[in-house]
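Undergrad:
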Amino acid sequence: MADQPLVRLTIEGVPVSVPQGTLVIEAAKQAGVMIPHYCYHSGLPVAGVCRMCLVEIETTPKLQIACATQAAEGMVVNVLSAQAREARQGVLEFLLINHPLDCPICDQAGECELQDYVFQEGRSRTRYTPTYAKRFNPVEDFGGDVLYVPNRCILCTRCVRFMEHVAEEPILNVSERGDRAYIGIHPDRHLDHPWAGNVVDLCPVGSLLSKDFLHKARAWELDKTPGVCTGCSQGCNVNLDTRTDVVVRVRPRANLDVNQYFMCDHGRMQYRWMNRGDRIEAPLVAHGHELAAVSWDHAFARAAEIVRGTAGRAAVLASPRASTEALFLAKRVLGRFDLTAAFRVQRVSEEAPLIGVPNLALRSERAPNVTGATLLGYTEQFEVAVKALSGSAVVLVLDDPLEGVSADLLRAAGQVIYLGTVLPDAARAAHVVLPIANVAEEDGTFVNRDQRVQRYFQAKVGPGMARPAWWVLGELLAELKLGGPFGSAAEAFAWMAAEEPRFGGLSYQLLGTRGMVLPAGRPAGVGA
Amino acid sequence: MGYPHQPHLKETVVLSQYFGDAEARTYDGWVKRGGYQALEKALAMEPAQVIEIVKQSGLRGRGGAGFPAGVKWSFMPKEKKKPHYLCCNADESEPGTFKDREIMRWTPHGLIEGCAIAQYAIQAEVTYIYVRGEFTEPLRIMEGALAEAYRHGVLGPNAMGTGKRLDMYLHRGAGAYICGEETALMSSIEGRRGNPRIRPPFPAAYGVFGMPTTINNVETLASVPHIINRGGAWYKSLSLSHPKSTGTKLFSVCGNVKRPGNYEVTMGFPLGELIDELCGGVPDGRTLKACIPGGSSVPILNREESESCKLDYEGCVEQGTMLGSGGLIVFDDSADMVYQIMRLARFYAHESCAQCTQCREGTAWTVRILQRILAGQGEAKDLDLLLDLSEQMTGKTICVLSDSCAAPVVSGIKKFRGEFEAYINGTRRPRPVLVHA
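Residue numbers (the working numbering), protein chains in the order written: chain Z, 1 to 528; chain C, 529 to 965.
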């Protein structure tokens, strides 16, 4: 729409210019006015059924819905006029007469648009006689992760439209008529589409709930931290919701260039491991056949000693779930060796696309930073690297779970430095073990499959002495007098941007929360 | 009226001329009565000429809105870039209205001819006749007539031997009132849930299957052959009052009258005369109390208003109501207006499509309040609440179903407030109604 001519209009006294064809509800956002709405969602086709966004447009006798009215030159929109407020108050009153008002036991409470708008502009008391029965339908398990509580439903039809027009699997509908209506599901189907979980986020009230999150936490107890999904190489933007240092939920964060407003169910489930209890909580150094907990200084000294005291071939076995910074720094630590840098990634045969959104799918590569690793010179020749371990003087493992790699194989190498969140059996063969933070416990970046560099933020604190990999590797580099140390992930990234031409010119500040495509990378993303 | 009674002398019989004449139902019988001459005449003209004649006649939509038919046709794109469609709205479900049913029962070929002319005028190759699901007999008759029309080459790839394609399909509804709303009707034809759509885009730009579409009522289309045969000027001359209301109109009269039925009168005919003379008045010993002139969706008229009302678009508006579909419901002094209004509201609550909040919740709430008043449990503030709800339900939704529910409630409370108050203050025996929508 960028090349569309602009139209000028006034919304609540604020003049704005928007491209022709923009809806009033979107134009209002530019004017800093959020017009209350339920059925409208920027990622879905317009339905115009909730009638909540009624606004007054001067020169038009009747109130108009802002979600279906296009901005026009010279239009004057009054959102807060008495007439418009009264109409919206009427809608809220109607919505509440069949609503159970069970907010105290409702998962949505605190992030419920019905609650919000009623507080904002609803009536303080009902005029609905309390003895009238309210509509009642039993709770229904829609399958997948979705539970339907029909009594709370306001029939905005966002879920129906998502399944029909975005997922293109129209198994939901509005059943019955009048005030008996409810959301129906195809009798022989379940809501098991790989992207079906989005209906829970789309639901403005507590009618569609996540079974996984059910009764786990209240919305106001949660801290939200922007992150990037680790489920595959798509790099969907997410929010990690944490309560007292426990990640309880992952929800999509809007990014029109990557995932619009959505994320897949596989991605949603990528959080339990972030709360694992069996973490390494202190640096460990081998004494004979035992690993002993030591201070960071001691561990760094021992690791530096290993690196300095050897020469020849070396290997880095990295995880494509590690941050770009860590991947870069790990190679720097062993910079003077004849280095083999490899990673491995789980690949499944099929992608699971969200048909209504171009270039959005659950990808077959099930790790977030495959592109980052590849750009930094890591190859997907893990098995080759493992076979060559015996000839290596030093092996640095960066959070690879070492499945299929035996302790004996590792012992065949000269010295092993293991950076990891947990300690698999094979890693007990390491000479130095350095505990690192997981993705929820550090700042960092991933590069998605479209070469988009995206930041993720620290959502909780790591256990014990575990520290972000960029910090650990930075300290080790400093010990080796090769660079570092770094006070923040931003500093580590800045060093990488200075040293690696592909990342040149980028900084944390530029990346912001939406990320940027690598300057020389091919442009891609949803909009392309 | 013709059937089952003989037409009254004051009727102007155009559409209903052959009501009760079984022979007119057949192709041969229809041709013998001058049928399909108008189609032949129209097909020899340019489409624009046909539209011009209809415009000149002043024919207005008989479904309720009263929009000039010729003007509506002229909204169709002049240059045909996509297929055009004509929809004939035969989903006559408005309580109190049964004129289209009789047109289809007695003069199916008249409707087919009207559709074919309109279809030609708007350059459509296909017409969908959307017949109300409950109309089993009219459907059967229409099916027979349509087959006959195809057999005789009236329709088909070479309609009337002109080489033009005119196809017509009957689509049977499944019994939803809302499918008589034009955009809901189109959704229903497309095989989707019969929900009204937001306008714009209007049907002339984006109608059935997303193509330019014109949609007309049965009575409107059935009038077209007469206009083509006898000229726009003749039709325009059929007016007793306002020049913008022309032609004849079928009124379906029901309720407390001696001779209910369909009556065809010239536009501007006095309502009082229709009830008293044509329909024989209210039963003996009773007096007229109220009437609803245009199907249940329009405001109620009290006795004085009824007696001075002229039956045309403007005359009804003057009295604060609408001509609507011409379904005239008459109440005598035995009628319990509170109950009647509740009964109407219950219909709307049952038929609301559930899209718009005000309609879905408002219609049902209105019924509950009215039922509570009837049960003797009403409170004085309930009437203001009803009026306030009706205000919220008027002019704020996609279609006018909720407005239609509000209209009788508002006018009823305004004109018969005493009856409501009698239930509320206990001077009238409660009449509990336990059945909900």
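Even glycine gets a Cβ: it sits at the ideal position worked out from N, Cα and C.
Exposed or buried, what is C/W558 when buried is set at 16 or more other beta-carbons lying within 10 Å of its beta-carbon?
TA: C/W558 counts as buried, since no fewer than 16 other beta carbons sit within 10 angstroms of its beta carbon.
Undergrad: What are the residues in the segment 803 to 827 of chain C lying within 7 Å of chain Z by C-beta distance?
TA: none
Undergrad: With distances taken between CB atoms, is the gap from C/V785 to C/G822 smaller than 9 Å?
TA: no
Undergrad: May I have the straight-line CA-CA distance separating Z/V91 from Z/I97, to the nearest angstrom?
TA: 10 Å
Undergrad: Only counting the same chain, and skipping five residues up and downstream in sequence, which positions put a Cβ closer than 6 Å to that of Z/A367?
TA: P320, R321, V345
Undergrad: May I ask you to list, following chain order, the residues of the segment 768 to 793 of chain C that have a beta carbon less than 7 Å from some beta carbon of chain Z?
TA: Per Cβ criterion, the list is empty.
Undergrad: Can Z/T242 and Z/A393 be called in contact, C-beta distance under 9 Å?
TA: no
Undergrad: Determine, using beta carbons only, whether Z/W195 comes closer than 9 Å to chain C.
TA: no
Undergrad: In angstroms with no decimal places, state the Cα-to-Cα distance between C/L915 and C/W893.
TA: 12 Å
Undergrad: Relative to the C-alpha of Z/G474, which residue among Z/M465, Z/G462, Z/R455, Z/E491 is closest?
TA: Z/E491
Undergrad: Please list the residues of the segment 725 to 751 of chain C that have a C-beta atom closer than 8 Å to any C-beta atom in chain Z, keeping them in chain order.
TA: Residues passing the 8 Å Cβ filter: I726.
Undergrad: If we cut at 9 Å on Cβ distances, does Z/I57 have a partner in chain C?
TA: no
Undergrad: Under the criterion of a Cβ to heavy atom distance below 8 Å, does C/R871 qualify as lining the ligand GTP?
TA: Absent from the structure shown: the ligand GTP. Ligands present: none.
Undergrad: Taking a contact to mean a Cβ-Cβ separation below 9 Å, would you say Z/M269 touches Z/V247 in this structure?
TA: no
Undergrad: Out of C/L806, C/N830, C/A704, which one is the CA nearest neighbour of C/T815?
TA: C/N830
Undergrad: With distances taken from CA atoms, which of Z/G404, Z/F343, Z/P150, Z/L396 is nearest Z/Q381?
TA: Per the Cα distances, Z/F343.
Undergrad: So is Z/E176 in contact with chain C if we call contact Cβ pairs under 9 Å?
TA: yes
Undergrad: Pull out every residue of the segment 912 to 931 of chain C whose Cβ sits closer than 9 Å to any Cβ of chain Z, in chain order.
TA: Hits within the stretch, in order: L913, D916, L917, E919, Q920, M921, G923, K924, T925, I926.
Undergrad: Short of 7 Å in beta carbon distance, which residues of its chain neighbour C/E665, apart from the five on each side in sequence? Order them along the chain.
TA: R633
Undergrad: If you run the structure through DSSP and keep just helix, strand and coil, what is Z/M1?
TA: Only weak support is given to the placement of Z/M1: the predicted model assigns it a pLDDT of 49, under 50, and the question is left unresolved by the model.
Undergrad: What residues of chain C sit near Z/K62, judged by a beta carbon separation below 7 Å?
TA: G923
Undergrad: Figure out for me which residue from C/P535, C/A675, C/T540 has the closest Cα to the Cα of C/D549.
TA: Considering only C/P535, C/A675, C/T540, the residue with the shortest C-alpha distance to C/D549 is C/P535.
Undergrad: Could you work out which residue in C/L639, C/H637, C/P605 is closest to C/A652 when comparing CA atoms only?
TA: C/P605
Undergrad: When you compare the CB positions of Z/A407 and Z/T421, do they come within less than 9 Å of one another, or not?
TA: no
Undergrad: So which residues on chain Z does C/T891 lean against when the C-beta distance must stay under 8 Å?
TA: G178, D179
Undergrad: Have a look at C/G592, C/G923, C/A908, C/G904 and flag the residue whose alpha-carbon is nearest the alpha-carbon of C/T955.
TA: C/G904
Undergrad: Count the CB pairs spanning the segment 227 to 240 of chain Z and the segment 368 to 377 of chain Z that are closer than 8 Å, and state whether there are at least three.
TA: Judged by Cβ distances under 8 Å, the segment 227 to 240 of chain Z makes contact with the segment 368 to 377 of chain Z, as three or more pairs qualify.
Undergrad: Can you look up Z/Q509 in the DSSP assignment and give me helix, strand or coil?
TA: helix
Undergrad: Where DSSP assigns a beta bridge to C/D812, which residues make up the other side?
TA: Note: C/D812 sits in no beta bridge, so no partner.
Undergrad: By DSSP's criteria, Z/T379 is part of a beta bridge. Which residues make up the other side?
TA: Z/A342
Undergrad: Using CA atoms only, rank isn't needed, just tell me which of Z/A87, Z/A66, Z/I57 is closest to Z/V77.
TA: Z/I57
Undergrad: Under a Cβ-count criterion, where at least 16 other Cβ atoms within 10 Å of its own Cβ denotes burial, should C/K942 be classed as buried or exposed?
TA: exposed
Undergrad: I need the straight-line Cα distance from C/Y546 to Z/E86, nearest angstrom please.
TA: 53 Å
Undergrad: Could you say if the segment 789 to 801 of chain C and the segment 592 to 609 of chain C meet the contact criterion of at least three C-beta pairs nearer than 8 Å?
TA: no
Undergrad: As a quick exercise: from Z/P61, Z/L63, Z/V79, pick the residue whose alpha carbon is nearest that of Z/K29.
TA: When each option's Cα is compared against that of Z/K29, the closest is Z/V79.
Undergrad: Looking only at its chain, what residues have a beta carbon closer than 7 Å to the beta carbon of Z/M1, apart from the 5 residues adjacent to it on each side?
TA: Confidence at Z/M1 is low in this model, with a pLDDT of 49, below 50, so the placement of that residue should be treated as unreliable; the coordinate-derived value is given next. Contacts found: P19, G21.
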